[in-house]
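Participant:
2 protein chains.
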Amino acid sequence: MSYDVFFVSSNKHKFEEVEKIVSKFGLKLGLLKLHLQEIQAGDLEDIAKHKAIHAFSLCSKPVIVEDAGLFIKSLHGFPGPYSSYVFDTIGNDGILKLLDVKRDAIFKSVIAYCERSGVVHLFGASVSGIISRKKYGTKWGFDPIFIPRGKNKPYSKLAEKNQISHRYLALEKFSNWYLNKKKSNDL
Amino acid sequence: MSYDVFFVSSNKHKFEEVEKIVSKFGLKLGLLKLHLQEIQAGDLEDIAKHKAIHAFSLCSKPVIVEDAGLFIKSLHGFPGPYSSYVFDTIGNDGILKLLDVKRDAIFKSVIAYCERSGVVHLFGASVSGIISRKKYGTKWGFDPIFIPRGKNKPYSKLAEKNQISHRYLALEKFSNWYLNKKKSNDL
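For the protein sequence lines, the chains are L and H, in the order given.
The first sequence runs 1 to 187 under this note's numbering.
The second sequence runs 188 to 374 under this note's numbering.
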């Protein structure tokens with residue numbers, strides 16, 4: 001089987017979710033487990049871009065990396081670019097302890113694609129919402145506490161999550177762009 | 188005035204504290220404000236090393252960088268290498284909200300010195316203690332909530348802080364090593 005693009009990650013939950021989404025667009029996604037250097041930066045774009053360049057330099061294949069972050073307004077954007085570290089340490093229980101009445105948050109996703117040294121294409125999307133008062137279920141990441149605007153349940157309890165999420169919206173942009181590019185090259 | 192070493196930082200509080208400490212050892216410390224790329228890594232050593240190499244590549248002068256982190260045991264080491272970001276977002280009030288009875292913590296400091304491409308010398312120290320039940324004063328960083336073992340007040344209220352802190356102990360190691368090296372070269 002030949003893959004269109006390789007997804008670089010050490011998080012198998014994320015790969016499974018991403019693979020499910022892009023396969024619906026007709027993309028064949030391989031998984032590459034690489035230990036990537038991650039920079040500390042204020043925005044996801046810089047982190048994703050840096051990781052994609054690093055990944056391509058290691059494997060010389062077309063790669064995407066995804067960086068997502070939960071930005072909570074009353075906490076000055078915390079945990080933001082460090083969402084993964086914060087999830088692994090204080091977790092959803094920690095986030096709930098930190099909040100009182102102000103619970104607005106934005107979930108962002110950035111996809112960085114690299115198939116040629118030094119050239120990176122970025123695709124981003126964000127979904128506004130609020131942090132719930134308690135955890136719903138035990139699903140990976142902040143899904144059990146993030147309720148997207150217009151819904152009354154968190155991601156973890158929404159059957160349609162993978163058709164409305166920040167990650168879906170960013171992957172949709174990338175997939176459409178990639179498939180158009182592939183078509184043009186095929187002509 | 189000629190400097191022995193340049194301290195690379197964008198945090199003037201930190202520079203003032205470090206300068207006060209090393210001047211007692213007889214070291215002349217200059218300040219270089221550079222925007223350094225910071226990696227996300229599990230340990231301070233890797234972050235400091237990477238920053239020192241980057242700083243030297245930008246200025247070609249003998250440089251030190253310092254990376255410090257507060258590692259809280261019951262929070263799996265949080266905020267650890269992301270202490271500065273966590274201080275800027277959830278602050279000391281956030282840390283206090285996250286804790287209950289288990290309050291053990293370690294404050295670590297790592298100094299990385301680079302005066303030649305690719306060669307980095309590391310000097311580290313740590314101080315054990317507990318997180319106080321409330322904030323004491325408004326001093327910069329986690330000083331208002333960290334009580335070193337054997338003391339009954341946090342760093343912010345200890346007149347002798349700069350003779351006992353994790354930062355002092357790491358700088359003492361570096362200064363002794365540097366002055367010995369200088370002496371040997373002078374002979």
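Beta carbons are placed, not taken as given, at the ideal position from N, Cα and C, and that holds for glycine.
Closer than 8 angstroms by beta-carbon distance: list the chain H residues that pair up with Asp-88 (chain L), in chain order.
Facilitator: Residue 88 (chain L) sits at position 88 when you count from the first residue of the first sequence. What Asp-88 (chain L) touches in chain H: His-263.
Participant: Against chain L, with Cβ distances strictly below 9 angstroms, would Leu-221 (chain H) count as a contact?
Facilitator: For the purposes of this step, residue 221 (chain H) is taken as residue 34 along the second sequence, with counting starting at 1. No, its Cβ sits nowhere closer than 9 angstroms to a Cβ of chain L.
Participant: Between the region 138–145 of chain L and the region 87–97 of chain L, are three or more C-beta pairs nearer than 8 angstroms?
Facilitator: With a cut-off of 8 angstroms, the region 87–97 of chain L and the region 138–145 of chain L count as touching, because enough Cβ pairs lie within range.
Participant: Determine, using beta-carbon pairs with one atom in the region 32–42 of chain L and one in the region 219–239 of chain H, whether at least three such pairs fall under 8 angstroms.
Facilitator: The region 32–42 of chain L vs the region 219–239 of chain H: in contact.
Participant: Got a sec: which bits of the region 39–57 of chain L sit with their beta carbon under 7 angstroms from any beta carbon on chain H, in order along the chain?
Facilitator: Against chain H - using a Cβ distance shorter than 7 angstroms - the residues of the region 39–57 of chain L are Ile-39 and Gln-40.
Participant: Quick one: what's got a C-beta closer than 6 angstroms to Leu-169 (chain L)'s C-beta in the same chain, skipping five residues either side?
Facilitator: Translated into the one-based positions of the first sequence, residue 169 (chain L) becomes position 169. The answer, listed in chain order, is Ala-125.
Participant: Taking the runs of the beta strand (DSSP E) that are 3 residues or longer, which of them lie wholly in the region 27–114 of chain L?
Facilitator: You should have 29–32, 38–40 and 63–72.
Participant: At a cut of 8 angstroms, does the region 302–309 of chain H reach the region 279–294 of chain H through at least three beta carbon pairs?
Facilitator: As far as the Cβ criterion goes, the region 302–309 of chain H does not touch the region 279–294 of chain H, which means the pair count is below three.
Participant: Determine the contact status of Leu-179 (chain L) and Gly-26 (chain L), defining contact as a CB-CB distance below 9 angstroms.
Facilitator: On the first sequence, position 179 is the one that residue 179 (chain L) refers to. On the first sequence, position 26 is the one that residue 26 (chain L) refers to. Going by C-beta atoms, Leu-179 (chain L) is nearer than 9 angstroms to Gly-26 (chain L).
Participant: Can you list the residues of chain L that Gly-281 (chain H) reaches, using a CB-CB cut of under 8 angstroms?
Facilitator: Here the question's residue 281 (chain H) lines up with position 94 in the second sequence. Neighbours of Gly-281 (chain H) on chain L, chain order: Leu-75, Phe-78 and Leu-98.
Participant: Find the residues of chain L that neighbour Gln-224 (chain H), judging by a C-beta separation of less than 7 angstroms, and give them in chain order.
Facilitator: Counting from one through the second sequence, the residue named residue 224 (chain H) turns up at place 37. Chain L residues near Gln-224 (chain H): Ile-39.
Participant: May I ask you to report which of helix, strand or coil DSSP gives Ile-332 (chain H)?
Facilitator: On the second sequence, position 145 is the one that residue 332 (chain H) refers to. Note: Ile-332 (chain H) maps to coil in three-state DSSP.
Participant: Could you tell me whether the region 53–66 of chain L touches the region 241–250 of chain H, using the rule of 3 or more Cβ pairs below 8 angstroms?
Facilitator: Taking 8 angstroms as the limit for Cβ pairs, the verdict is that the region 241–250 of chain H does not touch the region 53–66 of chain L.
Participant: How far does the alpha helix (DSSP H) with Phe-25 (chain L) in it reach, from first residue to last?
Facilitator: For this step, residue 25 (chain L) is matched to residue 25 along the first sequence. No alpha helix (DSSP H) holds Phe-25 (chain L); DSSP gives it neither H nor E.
Participant: Could you give the C-beta distance for Ile-131 (chain L) and Leu-99 (chain L), rounded to a whole number, given that I count them as a contact under 8 angstroms?
Facilitator: Translated into positions along the first sequence, residue 131 (chain L) becomes position 131. Translated into positions along the first sequence, residue 99 (chain L) becomes position 99. Contact holds; Cβ gap of about 6 angstroms.
Participant: Can you tell me the Cα-Cα spacing of Tyr-82 (chain L) and Cys-301 (chain H), whole angstroms?
Facilitator: Residue numbering aside, residue 82 (chain L) sits at position 82 when the first sequence is read from its first letter. Residue numbering aside, residue 301 (chain H) sits at position 114 when the second sequence is read from its first letter. The straight-line gap from Cα to Cα measures roughly 28 angstroms.
Participant: Roughly how many angstroms lie between the CA atoms of Ser-10 (chain L) and Asn-349 (chain H), to the nearest whole one?
Facilitator: Residue numbering aside, residue 10 (chain L) sits at position 10 when the first sequence is read from its first letter. Residue numbering aside, residue 349 (chain H) sits at position 162 when the second sequence is read from its first letter. When rounded, the distance between both Cα atoms is 41 angstroms.
Participant: If we define contact as Cβ-Cβ less than 9 angstroms, is Tyr-82 (chain L) a contact residue for chain H?
Facilitator: For the purposes of this step, residue 82 (chain L) is taken as the residue at position 82 of the first sequence. Yes, contact with chain H.
Participant: Kindly indicate which residue of H:Leu-257, H:Val-314 and H:Lys-369 has the alpha-carbon position closest to the one of Gly-337 (chain H).
Facilitator: Counting from one through the second sequence, the residue named residue 337 (chain H) turns up at place 150. Residue H:Val-314 is the option with its Cα nearest to Gly-337 (chain H).
Participant: Out of L:Glu-172, L:Lys-157, L:Leu-96 and L:Phe-78, which one is the CA nearest neighbour of Leu-44 (chain L)?
Facilitator: For the purposes of this step, residue 44 (chain L) is taken as residue 44 along the first sequence, with counting starting at 1. Among L:Glu-172, L:Lys-157, L:Leu-96 and L:Phe-78, the Cα nearest to that of Leu-44 (chain L) is on L:Phe-78.
Participant: Between which residues of its own chain and Val-209 (chain H) is the CB-CB distance below 6 angstroms, once the five residues before and five after are set aside?
Facilitator: As a first step, residue 209 (chain H) is located in the second sequence; it is residue number 22 there, counting from the start. The residues are Leu-216, Leu-358 and Ser-362.
Participant: Lys-354 (chain H) by DSSP, collapsed to three states: which one?
Facilitator: Here residue 354 (chain H) is taken as the residue at index 167 of the second sequence, counted from 1. Reading the sequence as shown, one finds Arg at residue 354 (chain H) and not Lys. Helix.
Participant: Flag this pair as yes or no: are the beta carbons of Ala-299 (chain H) and Lys-199 (chain H) separated by less than 9 angstroms?
Facilitator: Residue 299 (chain H) sits at position 112 when you count from the first residue of the second sequence. Residue 199 (chain H) sits at position 12 when you count from the first residue of the second sequence. Result no, Cβ atoms of Ala-299 (chain H) and Lys-199 (chain H) do not sit closer than 9 angstroms.
Participant: Considering only residues of the same chain and omitting the five flanking positions on each side of Tyr-155 (chain L), which have a CB-CB separation below 6 angstroms?
Facilitator: Start at 1 with the first residue of the first sequence, and residue 155 (chain L) comes out as number 155. Contacts found: Asp-143, Phe-146 and Lys-161.
Participant: Going by the CB atoms, is the gap between Lys-135 (chain L) and Leu-75 (chain L) shorter than 9 angstroms?
Facilitator: As a position in the first sequence, residue 75 (chain L) is number 75, starting the count at 1. As a position in the first sequence, residue 135 (chain L) is number 135, starting the count at 1. It is not a contact, given that the beta carbons lie outside the stated cut-off.
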